[in-house]
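Peer 1: Once you've had a glance at the structure underneath, I'll fire off some questions.
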Amino acid sequence: MATEILMPALSPTMEEGTLAKWLVKEGDTVSSGDIMAEIETDKATMEFEAVDEGVIGKILIAEGTEGVKVNTAIAVLLEEGEDASAADSVAAPAPEAAPAADAGNEVSAPAAAEATAPAAPQTDSTPDWPEGTTLKQQTVREALRDGMSEEMRRDDSVFLMGEEVAEYQGAYKISQGMLDEFGAKRVIDTPITEHGFAGIATGAAFGGLRPIVEFMTFNFAMQAIDHIINSAAKTLYMSGGQMGAPMVFRGPNGAAARVGAQHSQDYAAWYMQVPGLRVVMPYSASDYKGLMKTAIRDPNPVIFLENEILYGRSFDVPEMDDYTVPFGKARIWREGDDVTIVSFGIGMQYALEAAEKLAEDGISAEVIDLRTLRPMDTASIIRSVMKTNRCVTVEEGWPQGSVGNYISSVIMQEAFDYLDAPVINCTGKDVPMPYAANLEKHALVTTDEVIAAVKQVTYK
Amino acid sequence: MATRKAAKKPNVSAEELKAYYKDMLLIRRFEEKAGQLYGMGLIGGFCHLYIGQEAVVVGLEAAAEEGDKRITSYRDHGHMLACGMDPNGVMAELTGREGGYSKGKGGSMHMFSKEKHFYGGHGIVAAQVPLGAGLAFADKYQENGRVTFTYFGDGAANQGQVYEAFNMAALWKLPCIFVIENNQYAMGTSQQRSTSSAEIYERGKSFGIPGEAVDGMDVLAVKAAGEKAVAHCRSGDGPYILEIKTYRYRGHSMSDPAKYRTREEVQKMRDERDPIEAVRTMLLTGKHATEDDLKAIDKEIKAVVNDSAEFAKTSPEPALEELWTDIYATEVPQEA
Numbered sequence: 001m002a003t004e005i006l007m008p009a010l011s012p013t014m015e016e017g018t019l020a021k022w023l024v025k026e027g028d029t030v031s032s033g034d035i036m037a038e039i040e041t042d043k044a045t046m047e048f049e050a051v052d053e054g055v056i057g058k059i060l061i062a063e064g065t066e067g068v069k070v071n072t073a074i075a076v077l078l079e080e081g082e083d084a085s086a087a088d089s090v091a092a093p094a095p096e097a098a099p100a101a102d103a104g105n106e107v108s109a110p111a112a113a114e115a116t117a118p119a120a121p122q123t124d125s126t127p128d129w130p131e132g133t134t135l136k137q138q139t140v141r142e143a144l145r146d147g148m149s150e151e152m153r154r155d156d157s158v159f160l161m162g163e164e165v166a167e168y169q170g171a172y173k174i175s176q177g178m179l180d181e182f183g184a185k186r187v188i189d190t191p192i193t194e195h196g197f198a199g200i201a202t203g204a205a206f207g208g209l210r211p212i213v214e215f216m217t218f219n220f221a222m223q224a225i226d227h228i229i230n231s232a233a234k235t236l237y238m239s240g241g242q243m244g245a246p247m248v249f250r251g252p253n254g255a256a257a258r259v260g261a262q263h264s265q266d267y268a269a270w271y272m273q274v275p276g277l278r279v280v281m282p283y284s285a286s287d288y289k290g291l292m293k294t295a296i297r298d299p300n301p302v303i304f305l306e307n308e309i310l311y312g313r314s315f316d317v318p319e320m321d322d323y324t325v326p327f328g329k330a331r332i333w334r335e336g337d338d339v340t341i342v343s344f345g346i347g348m349q350y351a352l353e354a355a356e357k358l359a360e361d362g363i364s365a366e367v368i369d370l371r372t373l374r375p376m377d378t379a380s381i382i383r384s385v386m387k388t389n390r391c392v393t394v395e396e397g398w399p400q401g402s403v404g405n406y407i408s409s410v411i412m413q414e415a416f417d418y419l420d421a422p423v424i425n426c427t428g429k430d431v432p433m434p435y436a437a438n439l440e441k442h443a444l445v446t447t448d449e450v451i452a453a454v455k456q457v458t459y460k
Numbered sequence: 001m002a003t004r005k006a007a008k009k010p011n012v013s014a015e016e017l018k019a020y021y022k023d024m025l026l027i028r029r030f031e032e033k034a035g036q037l038y039g040m041g042l043i044g045g046f047c048h049l050y051i052g053q054e055a056v057v058v059g060l061e062a063a064a065e066e067g068d069k070r071i072t073s074y075r076d077h078g079h080m081l082a083c084g085m086d087p088n089g090v091m092a093e094l095t096g097r098e099g100g101y102s103k104g105k106g107g108s109m110h111m112f113s114k115e116k117h118f119y120g121g122h123g124i125v126a127a128q129v130p131l132g133a134g135l136a137f138a139d140k141y142q143e144n145g146r147v148t149f150t151y152f153g154d155g156a157a158n159q160g161q162v163y164e165a166f167n168m169a170a171l172w173k174l175p176c177i178f179v180i181e182n183n184q185y186a187m188g189t190s191q192q193r194s195t196s197s198a199e200i201y202e203r204g205k206s207f208g209i210p211g212e213a214v215d216g217m218d219v220l221a222v223k224a225a226g227e228k229a230v231a232h233c234r235s236g237d238g239p240y241i242l243e244i245k246t247y248r249y250r251g252h253s254m255s256d257p258a259k260y261r262t263r264e265e266v267q268k269m270r271d272e273r274d275p276i277e278a279v280r281t282m283l284l285t286g287k288h289a290t291e292d293d294l295k296a297i298d299k300e301i302k303a304v305v306n307d308s309a310e311f312a313k314t315s316p317e318p319a320l321e322e323l324w325t326d327i328y329a330t331e332v333p334q335e336a
C-alpha cells in the first residue's frame with residue numbers, strides 16, 4: 001500500500017521548515033537509512049532519511065518550498081511492484097495530532113488557598129513522649145549516634161559511609177564506637193570523593209540497601225548535589241513509582257565558628273525546594289535521635305541538616321526502647337499570645353533567648369520549632385498566627401529565597417486577615433561568611449535582631 | 001576500527017545466532033520506527049537512537065545471567081529491548097502515554113524496570129557510572145553473586161565521577177563491568193578532539209582495573225569479551241572494563257545536523273561493518289538459515305514494532321492525577 005512521507009519534526013521545537021533539496025526523484029528505489037532530502041530548520045540544515053523501503057511514487061512538495069508545516073505529506077512511497085497510479089489514490093489522512101500541551105492547565109496545586117478567612121487548621125499537638133517517661137541528659141552527638149546505632153541493630157541493610165566515619169571515629173566524633181560494634185562492612189571509610197560516593201550510595205539504595213551518607217559538612221555536598229537531586233530525589237517519579245532511593249544524607253550544615261566563607265553555608269532553603277526530598281533540621285537532642293530514626297526508616301531520600309555548634313549541647317532525651325519523632329510535626333517550645341516566632345535548627349537558640357528576654361519586657365512569644373522543613377507543619381504556624389496575629393521567622397541562612405520567605409508567603413495566603421503587622425524574616429546577612437570574629441558575629445542572625453523584630457511587629 | 005583481533009569466537013549454535021540476529025533487528029527496526037514517530041510529532045523532546053550499536057547490548061546480554069543488573073545513559077532504548085523489556089511499554093513511554101514503563105512521566109531518557117533489573121535511563125552524562133558501582137556495591141553487600149553492567153559512552157569517559165567510581169570499585173572489589181560504548185563521537189566532538197588517550201580502557205590501569213578493547217560491530221566478539229568480564233567479576237576479582245568500539249549511524253539526537261563527519265564515513269561503516277548484516281551473512285553462508293527463514297524473522301519483527309507503535313499511539317495520556325503521584329514512596333500530604 002502506498003504511504004505518505006510526512007514533513008518530519010527534526011528538533012523538539014520545530015513547527016515548520018524549508019524543503020531545501022530532494023536527493024531522490026520519482027521512480028527511485030529507497031531503503032531504510034537512505035537520505036532522501038535536506039530540510040532546513042531554524043537551527044540547521046538536516047538530512048532526512050527513509051525509514052521504510054519502497055519506490056518514490058510522487059514528490060508532492062517541490063524543493064525550495066519554504067514554511068512546510070510538520071506532518072505535511074511531502075512525497076508518496078510505493079511498495080515494491082505497486083503501480084505509480086496508487087500514488088494518486090492516497091487519501092490524505094488528517095495528521096495525527098501531538099498530545100495537547102495545555103492539559104496541565106486544568107490541574108491546580110492541591111495546596112491552593114481558597115477561602116479568605118479559613119478556620120484554624122487542625123494540628124497534632126500530642127506530646128513527643130508520654131507523661132512520666134524517664135529523661136536523661138544527652139548531647140546531640142550522643143543522641144545522633146544512638147539513633148543510627150539502634151536502627152543499624154534493627155535492620156541489616158542500613159550502613160554508614162563517609163569520610164573518616166570508621167577508624168577516625170568520625171570527623172566530629174558522631175560515629176564514635178560504631179566501627180567496633182558493626183564492623184568495616186557496615187561502617188565504611190570512603191576516599192575524599194563526595195560526588196562519587198554519593199552516587200555509589202544512591203545506586204546501593206536503588207539496589208535495596210538503606211545507606212546513611214555522612215558529609216563531613218554539607219558545604220562539601222555541593223560536589224555531590226547532582227546525585228542528591230537528579231539521581232536520588234527524582235528517580236521514584238521518573239520510574240513511575242518503580243524504584244527510589246531510601247537513604248539519608250547527613251552532616252553538619254551552616255556556620256561553625258571562624259571557618260570562613262566556603263565552610264559556613266546554610267543549605268536549608270536550597271534542599272527545601274526539591275520535591276522528592278525530605279528535609280530535616282533539628283535543634284534538640286531528642287529530636288536528633290527521634291528524627292534520625294524516622295529518617296532511616298523513611299522510604300525516601302532524606303536531607304538531615306545538623307549543626308556543629310549544637311553537637312556538644314545537652315538536652316533531655318526520653319529513655320524509651322524505640323523513640324521516634326514523626327516528620328511534619330512542629331514542636332511548640334513556648335506558648336505565648338503576642339507574637340509567633342518560627343525557627344528550626346540552631347535558629348531556635350536565638351528564638352528561645354529572645355523569647356526569654358521579651359518575657360521580661362512583658363511580651364509573650366510563642367516559639368515554634370519546625371524540626372522538618374519538608375514536609376513543613378505550616379498548619380501549626382497558621383494556627384499560632386491566628387492567635388498572635390504577628391510572626392517573626394529566624395534562620396542563619398541568606399535572606400533572598402529564604403525559608404522565612406516561604407513561611408511569609410504561606411501566612412499571607414492562608415491567614416492574611418489575621419495579620420496585624422508584616423511578617424519579618426530574621427536571617428543571616430546577605431554576604432559570604434567573613435573570617436574575622438567580629439564580622440562573623442555580625443554576619444549571623446543575632447538575638448538582639450530577633451528582639452528588635454518582635455518589638456517592631458508588636459509596635460512596642 | 002577494532003584495535004584488537006577478535007577474541008576466540010565462542011561456539012554458538014544456529015539457534016543462538018538466529019536469536020542475536022532477531023534481537024539486533026528488533027532494536028534497529030524499533031529505533032527506525034521511533035525516528036518516524038518523532039518526525040510525526042508523536043515523540044517529543046530528546047530522542048537518542050541506538051542504530052549501529054546493536055551488537056554491543058545484544059552481545060553482552062548473551063553473557064549475562066538472570067538477576068544481573070544493567071544501567072546506562074539516555075541512549076537507552078536498545079538496552080531495554082535487549083534485556084527483555086516489552087517494546088510496547090518502551091514505545092508508549094516515548095510517546096508519553098499511560099502504558100509506558102514510567103506511566104509517561106519519564107520519557108525516552110528515563111525508563112526503568114525492576115522486573116528486568118534495568119536501573120535506567122539517566123540523563124546526566126556519567127551519573128550512571130557511580131550509580132552502577134553502587135548497584136554492584138549492594139550486590140556485594142548482599143553476597144548474591146550478581147554483577148552489574150554499567151554502560152557509558154566515550155563522552156562520559158571524560159567526566160570526573162567516572163574515575164571516582166573506578167577508584168572505589170577497585171578499592172572495594174565491586175562486581176561491576178564498566179562498558180564504554182565508544183561510538184567515536186561525544187555529541188559532535190570526535191574522540192580525537194576530546195580525549196587525550198586513544199585507548200580509553202587503558203585508563204583503568206592506574207586503578208588496577210583490567211580491561212580490553214572489543215570490536216563492537218561483531219556480536220560474537222562482544223559476547224566472548226562479556227563472558228570473560230562476567231567471569232572476572234563473579235569470581236570476586238573486582239571490576240572489569242570493556243571498551244567496545246562501535247558506531248552510531250544516526251545523529252546524537254534527532255536534532256543533529258551531522259556536520260561533524262562526512263556522509264561517506266557513515267556510509268562506509270554501514271556498508272562494510274554493519275553488525276546485523278554480518279550475522280545475516282554468517283547465517284546464510286553457514287547454511288544455518290535460508291533467505292526465507294530470515295524473511296520470516298524480518299516479518300515477525302516488523303509486526304512487533306508496528307504493534308508497539310500502534311500501542312504507543314492508542315494508549316491514553318496519563319490521568320492528570322498522575323502529576324501528583326510517585327513523588328514520595330508512601331503518600332504523604334505535600335503540605336502538612
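Residue numbers (this note's numbering), protein chains in the order written: chain A, 1 to 460; chain B, 1 to 336. Cβ coordinates follow ideal geometry from the N, Cα and C atoms, glycine included. Source: prediction; values computed, not measured.
#1: In chain order, what residues of the same chain have a beta carbon less than 6 Å from the beta carbon of A143(A), not counting five sequence neighbours either side?
#2: May I have the straight-line CA-CA distance separating K295(B) from D237(B), to the nearest angstrom?
#3: When you check each C-beta in the segment 85-96 of chain B against every C-beta of chain A, which residues fall closer than 9 Å?
#4: How about Y237(A) and I327(B): are their beta carbons less than 7 Å apart?
#5: Name the residues in the segment 262-294 of chain A whose C-beta lies less than 7 Å from a C-beta of chain B; which are they?
#6: If we count the other Cβ atoms within 10 Å of its Cβ and call it buried at 16 or more, is V431(A) buried or exposed?
#7: Could you check what DSSP says for Y249(B) in three-state terms: helix, strand or coil?
#8: With W270(A) as the anchor, note down where its alpha helix (DSSP H) starts and where it stops.
#9: If you draw a straight line from the C-alpha of A156(B) to the C-alpha of A186(B), how long is it?
#10: Any beta carbon of chain A sitting closer than 7 Å to that of M187(B)?
#11: Under 8 Å, with one C-beta from each stretch per pair, do the segment 155-169 of chain A and the segment 131-147 of chain A reach the 3-pair mark?
#12: Quick one: using the 10 Å Cβ neighbour count with 16 as the cut-off for buried, is I212(A) buried or exposed?
#13: Comparing alpha-carbon positions, which option in G328(A), S264(A), D266(A) lies nearest A295(A)?
#14: Does A453(A) have its Cβ less than 7 Å from a Cβ in chain B?
#15: Alpha carbon to alpha carbon, how far is N71(A) from Y240(B)?
#16: Y237(A) touches chain B at which residues, Cβ-Cβ below 7 Å?
#17: Any idea what DSSP makes of N425(A), helix, strand or coil?
#18: Buried or exposed: E66(B), going by 16 or more other Cβ atoms within 10 Å of its Cβ?
#19: Would DSSP call D271(B) helix, strand or coil?
#20: M543(A) to L6(A), Cα distance in whole Å?
#21: Does the segment 192-199 of chain A come close enough to the segment 168-178 of chain A that 3 or more CB-CB pairs lie under 8 Å?
#22: Looking at chain A, which residues of the segment 123-135 of chain B have a Cβ within less than 8 Å of any of its Cβ atoms?
#23: Can you name the residues of chain B whose CB is closer than 7 Å to the CB of N300(A)?
#24: Can you tell me the Cα-Cα spacing of E106(A) and A62(A), whole angstroms?
#25: Closer than 7 Å by beta-carbon distance: list the chain B residues that pair up with W45(A), in chain order.
#26: Report the CB separation of G89(B) from G96(B) in whole angstroms; it is logged as a contact under 8 Å.
#27: Taking 6 Å as the cut-off, is the CB of A127(B) close to at least one heavy atom of the ligand NAD?
#28: Going by beta carbon distance, what residues of the same chain come within less than 6 Å of T340(A), once the five residues before and after it are set aside?
#29: I'd like to confirm the pairing. Which residues does DSSP put opposite W22(A) in its beta bridges?
#30: Under 7 Å, Cβ to Cβ, is there at least one residue of chain A near S197(B)?
#31: With a threshold of 7 Å on Cβ separation, who are the neighbours of A9(A) within its own chain once the five nearest residues in sequence on each side are excluded?
#32: Take Q265(A) as the anchor and find which of D322(A), P399(A), A255(A), V274(A) has the nearest alpha-carbon.
#33: Helix, strand or coil, according to DSSP, for M24(B) in the structure here?
#34: For the alpha helix (DSSP H) containing C381(B), name the first residue and the last one.
#35: For K357(A) and Y459(A), I'd like the C-alpha separation in whole angstroms.
#36: Would F118(B) pass as an interface residue toward chain A - the criterion being a Cβ-Cβ separation below 7 Å?
Peer 2: The short version:
#1: A285, Y288, K289, V317
#2: 44 Å
#3: Of all residues in the segment 85-96 of chain B, the ones placed with a Cβ closer than 9 Å to any Cβ belonging to chain A are E93, T95, G96, in chain order.
#4: yes
#5: P275, G276
#6: Exposed: under 16 other Cβ atoms inside 10 Å.
#7: The answer is coil: DSSP assigns Y249(B) none of H, G, I, E or B.
#8: 268-272
#9: Approximately 8 Å, taken between the alpha carbons.
#10: no
#11: no
#12: buried
#13: G328(A)
#14: no
#15: The C-alpha of Y240(B) is placed about 47 Å away from the C-alpha of N71(A).
#16: K105, D326, I327
#17: strand
#18: exposed
#19: Helix.
#20: This structure cannot speak to residue 543(A), because chain A is shown only from 1 to 460.
#21: Output reads no: the segment 192-199 of chain A does not touch the segment 168-178 of chain A.
#22: Those residues of the segment 123-135 of chain B that come within reach of chain A (Cβ to Cβ, closer than 8 Å) are G123, I124, A127, V129, P130, L131, G132, A133, G134, L135.
#23: Y328, A329
#24: Note that E106(A) has pLDDT 42, beneath the 50 cutoff, so the model's placement of it is unreliable and the number below is only indicative. Looking at the two C-alpha atoms, the distance is approximately 42 Å.
#25: Correcting the residue identity first, residue 45(A) is Thr in this sequence and not Trp. In chain order, P257 make up the part of chain B whose C-beta sits under 7 Å from the C-beta of T45(A).
#26: That pair is no contact at about 13 Å.
#27: The model on display carries no ligand, and the ligand NAD is accordingly not part of it.
#28: The residues are E366, S384, V385, T388, C391.
#29: A37(A)
#30: no
#31: V70
#32: With respect to the C-alpha of Q265(A), the residue from D322(A), P399(A), A255(A), V274(A) having the closest C-alpha is A255(A).
#33: helix
#34: Only positions 1 to 336 of chain B appear in this structure, which leaves residue 381(B) out of reach.
#35: 17 Å
#36: no
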